[in-house]
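If you count the sequence shown from 1, you need to add 917 to reach this note's numbering. We put the beta carbon where it would ideally sit given N, CA and C, even for glycine. Predicted, not measured: the structure shown is a model, and the values here were computed from it. Working notes for the structure below.
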Amino acid sequence: MRIAKAVGFLLAIGCVVGALALQERGLPKGTQAPDFELQTLDGKTVTLSKLRGKPVLLDFWATWCGPCRRALPHTQELAKRYKDQAYVLTVNLREDPETVRAFMENNNYTFPVLLDRDGSVAQKYGVRGIPHFVIIDAQGKIFHNQVGYGPGVEKELERKLKEAFPKNTARH
């Protein structure tokens, strides 16, 4: 009986340590964000380096990912709330555009979707689990990484996004 409790305790500790390690994955803060050029779901081209001057929130996700699906309403809200102060972009990983388009329409989402069909951008950013959020400051440097979605993540992301605003930008 005591052995079972000890094993359970060690497994719980392992899960917590693993979750904390996972949250820190991605490129280190202050690193220059790798430039990329991706197509949007509507066929436009987005180049990261052309977005300088405002912070960028990247949300790496997939339609089959449960935590991603729970996070997307918050991403939609951030995109609406901070449309004048930041770029909020989602990066869909390795899915067919028609699958993504149907998902967006079924959920009434309007945020921009970039298509990382081969996963190369996710690889550049050290994405190993999704959802993976990356905040890039107005100078193009990594400001924050967050992997996973659970209680409190939405408030932490919003707080970090506001911290990344240039100092002369009005905050909500």
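Would you check if the distance between the CB atom of residue i and the CB atom of residue j is smaller than 9 Å?
{"i": "residue 1011", "j": "residue 976", "result": "no"}
{"i": "residue 894", "j": "residue 971", "result": "Residue coverage of the chain in this structure runs from 918 to 1089, which leaves residue 894 outside it and unanswerable."}
{"i": "residue 1064", "j": "residue 943", "result": "yes"}
{"i": "residue 963", "j": "residue 995", "result": "no"}
{"i": "residue 1061", "j": "residue 1081", "result": "yes"}
{"i": "residue 1003", "j": "residue 1047", "result": "no"}
{"i": "residue 993", "j": "residue 1027", "result": "yes"}
{"i": "residue 1030", "j": "residue 1051", "result": "no"}
Contact check, residue i vs residue j under 8 Å by CB: the rounded distance?
{"i": "residue 968", "j": "residue 1078", "result": "Between residue 1078 and residue 968 the Cβ distance is about 14 Å, and since that is not below 8 Å, they are no contact."}
{"i": "residue 991", "j": "residue 1071", "result": "4 Å"}
{"i": "residue 858", "j": "residue 1014", "result": "Beyond the ends of the chain as shown, which are 918 and 1089, falls residue 858; an answer cannot be given."}
{"i": "residue 988", "j": "residue 965", "result": "21 Å between Cβ atoms; not a contact."}
Over what stretch of residues does the alpha helix (DSSP H) that includes residue i continue unbroken?
{"i": "residue 1016", "result": "1014-1024"}
{"i": "residue 1081", "result": "Unbroken run through residue 1081: none, as it is neither H nor E."}
{"i": "residue 997", "result": "983-998"}
Taking the beta strand (DSSP E) that residue i belongs to, which residues open and close that run?
{"i": "residue 962", "result": "962-964"}
{"i": "residue 1044", "result": "Where residue 1044 is concerned, there is no enclosing beta strand (DSSP E), given that its DSSP letter is neither H nor E."}
Run through the DSSP bridge pairs and tell me what residue i is partnered with.
{"i": "residue 1093", "result": "Coverage of the chain is limited to positions 918 through 1089, which leaves residue 1093 absent and any answer about it impossible."}
{"i": "residue 973", "result": "1004, 1053"}
{"i": "residue 1058", "result": "949"}
{"i": "residue 1064", "result": "1049"}
{"i": "residue 957", "result": "1031"}
{"i": "residue 978", "result": "1009"}
When you measure from the CB of residue i to every non-hydrogen atom of the ligand FAD, does any distance come out below 8 Å?
{"i": "residue 1065", "result": "Absent from the structure shown: the ligand FAD. Ligands present: none."}
Check whether the stretch 1013-1021 touches the stretch 1037-1044, taking contact to mean three or more Cβ pairs, one atom from each stretch, closer than 8 Å.
no
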